[in-house]
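Participant: Can you keep this structure in mind? I'll have questions shortly.
In my numbering, the protein residues as written are 11 to 328.
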């Protein structure tokens with residue numbers, strides 16, 4: 011006799027009383043128990059994950075500042091029975107060969123890192139639903155480790171004093187954004203922390219999670235040269251000839267393409283836009299905008315018109 015698994019309930023049935031936001035990864039919010047669910051439709055497909063701190067601690071000496079970005083991770087969701095795992099892929103060791111077996115041998119030789127695990131709450135033929143709440147309220151950004159490393163005390167995330175921040179929890183076509191107020195409880199012993207918190211034993215920050223679709227394959231990386239003035243990003247290529255170094259080094263750069271490739275000067279298909287915090291006071295705001303805008307002259311010399319733009323972030327922007 012066949013036995014139906016406990017997670018056989020459909021997603022539509024499970025989420026019938028929840029608020030839904032369609033997008034890259036659909037988001038459901040249950041007001042009954044204050045939980046956030048994610049509908050994962052693409053298994054075993056890489057995407058980007060980024061953590062950040064919209065609200066920081068306030069001490070430069072600690073280094074947990076407002077707007078701080080965490081590591082950019084290449085991740086994918088993988089299913090193992092009734093569990094869904096969020097795995098960070100190892101991009102430091104690879105094989106560039108066309109031979110799938112050669113590439114697989116390197117993938118299997120070096121460990122990946124599972125950064126979260128979820129029990130499947132409901133499923134359909136082409137997608138699964140997971141409760142993301144505990145992960146959203148966790149210390150994915152490494153706040154406690156930073157506080158300890160700066161000798162400010164021992165802390166851990168306290169879910170009882172943490173909660174989902176719905177105004178910044180949204181889904182878009184190419185990215186899904188989630189945010190929570192996360193409180194760290196412990197014993198604040200450091201002078202820096204005591205200077206910037208009402209109660210050094212309770213540190214509350216906002217933590218943001220971003221899931222972002224990978225871009226298409228049109229981007230061409232550029233090799234690093236020590237005279238270029240760029241910082242390098244490197245990885246080990248085990249398909250390199252035995253007479254060549256394993257390290258492959260590239261620069262981090264913007265992706266820019268002309269609307270009219272044949273024109274000596276053309277606007278960009280998608281310009282580079284940097285946004286200034288609207289909270290910056292004058293005259294600092296104008297100085298930053300004018301100074302950063304000088305970069306447009308360099309892009310003009312390279313044949314681009316209005317390719318580098320500096321704007322004030324509009325009110326209410328996501």
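All residues carry an ideal CB built from backbone N, CA and C; glycine is no exception.
Given a cut-off of 7 Å on the beta-carbon distance, is the pair residue 103 and residue 258 in contact?
Facilitator: No, they are not a contact pair.
Participant: Can you name, in chain order, every residue of its own chain whose Cβ lies under 6 Å from the Cβ of residue 105, other than the five neighbours on each side?
Facilitator: These residues qualify, in order along the chain: 112, 113, 116, 248, 249.
Participant: Which same chain residues end up closer than 6 Å to residue 60 when comparing Cβ atoms and leaving out the 5 residues on each side of it in sequence?
Facilitator: Excluding residues within five positions, the ones whose Cβ falls inside 6 Å are 82, 220.
Participant: Is residue 28 helix, strand or coil when you go by DSSP?
Facilitator: In the structure shown, residue 28 sits in coil (DSSP, three-state: anything other than H, G, I, E or B).
Participant: Which class does residue 118 belong to by DSSP, given the choice of helix, strand or coil?
Facilitator: Helix.
Participant: Which residues in the same chain as residue 319 place their Cβ atom closer than 6 Å to its Cβ, once the five residues preceding and following it in sequence are excluded?
Facilitator: Cβ within range, chain order: 281, 283.
Participant: How big is the Cα-Cα spacing for residue 45 and residue 57?
Facilitator: When rounded, the distance between both Cα atoms is 23 Å.
Participant: Hey, out of 244, 88, 264, whose CA is closest to residue 255's CA?
Facilitator: Nearest option by C-alpha distance: 244.
Participant: Count the other C-beta atoms from every protein chain shown that fall within 10 angstroms of the C-beta of residue 14, then say buried if there are 16 or more, exposed otherwise.
Facilitator: Only weak support exists for where residue 14 lies, its pLDDT of 44 falling under 50; the coordinates are left without a value.
Participant: Measure the Cβ-Cβ separation of residue 91 and residue 76 and say whether it is below 7 Å.
Facilitator: No, Cβ-Cβ distance for residue 91 and residue 76 is not below 7 Å.
Participant: Quick one, which of 298, 275, 184, 226 has its alpha-carbon nearest residue 265's?
Facilitator: Checked all of 298, 275, 184, 226; the closest Cα to residue 265 is 226.
Participant: Spatial neighbours of residue 144 within its chain, please: CB distance less than 8 Å, with the 5 preceding and 5 following residues excluded, ordered by chain position.
Facilitator: Within the same chain, residue 144 has close Cβ partners 169.
Participant: In chain order, what residues of the same chain have a beta carbon less than 8 Å from the beta carbon of residue 295, not counting five sequence neighbours either side?
Facilitator: Cβ within range, chain order: 286, 322.
Participant: Compare the Cα-Cα distances from residue 20 to each of 140, 73, 97, 78 and report the closest residue.
Facilitator: Cα-wise, what sits closest to residue 20 is 140.
Participant: DSSP three-state label for residue 207, please.
Facilitator: Coil.
Participant: Along the chain, where does the beta strand (DSSP E) that runs through residue 89 open and close?
Facilitator: Here the beta strand (DSSP E) through residue 89 covers 78–90.
Participant: Quick one: give me the first and last residue of the beta strand (DSSP E) that residue 187 is part of.
Facilitator: Per DSSP, residue 187 belongs to the beta strand (DSSP E) from 185–198.
Participant: Just grab the DSSP bridge partners of residue 38 for me.
Facilitator: Residue 38 is bridged to 30, 47.
Participant: Let me check one thing: in DSSP terms, what residues is residue 174 bridge-paired to?
Facilitator: DSSP lists 190 as partners of residue 174.
Participant: What's the call for residue 12, buried or exposed, on a 16-neighbour Cβ count within 10 Å?
Facilitator: Any reading at residue 12 must be qualified, since the residue scores a pLDDT of 44, below 50, and its modelled position is unreliable; the value itself is stated next. Exposed is the call here.
Participant: So, under 8 Å CB-CB, residue 184 and residue 223 are touching, yes? Tell me the CB distance rounded to an integer number of Å.
Facilitator: At roughly 5 Å, the Cβ-Cβ gap stays under 8 Å, so residue 184 and residue 223 are in contact.
Participant: Apply the 10 Å Cβ neighbour rule to residue 210 and answer buried if 16 or more other Cβ atoms are within range, or exposed otherwise.
Facilitator: The residue in question, residue 210, is buried, as its Cβ has 16 or more Cβ neighbours within 10 Å.
Participant: For the beta strand (DSSP E) that contains residue 212, what are its first and last residues?
Facilitator: Looking at the DSSP string, the run of the beta strand (DSSP E) that includes residue 212 is 212–222.
Participant: Can you name the start and end residues of the alpha helix (DSSP H) that residue 301 belongs to?
Facilitator: Where residue 301 is concerned, the enclosing alpha helix (DSSP H) stretches over 294–303.
Participant: Apart from the five residues on each side of it in sequence, which residues of its chain come closer than 6 Å, Cβ to Cβ, to residue 120?
Facilitator: Excluding residues within five positions, the ones whose Cβ falls inside 6 Å are 100, 103.
Participant: Pick helix, strand or coil for residue 309, following the three-state DSSP scheme.
Facilitator: If DSSP states are grouped into helix, strand and coil, residue 309 belongs with the helices.
Participant: Examine the Cβ distances between the stretch 194–202 and the stretch 158–169 and report whether three or more of them are shorter than 8 Å.
Facilitator: These segments touch.
Participant: Does the Cβ-Cβ distance between residue 191 and residue 212 come in under 7 Å?
Facilitator: Their beta carbons are not under 7 Å apart, which means residue 191 does not touch residue 212 by this criterion.
Participant: DSSP has residue 159 in a bridge; who is on the other side?
Facilitator: Answer is none; residue 159 lacks a bridge partner.
Participant: Measuring alpha carbon to alpha carbon, tell me which of 50, 232, 35, 301 ends up nearest residue 134.
Facilitator: Among 50, 232, 35, 301, the Cα nearest to that of residue 134 is on 50.
Participant: On a CA-only basis, which of 25, 137, 73 is nearest residue 355? Give me that one, please.
Facilitator: This structure cannot speak to residue 355, because the chain is shown only from 11 to 328.
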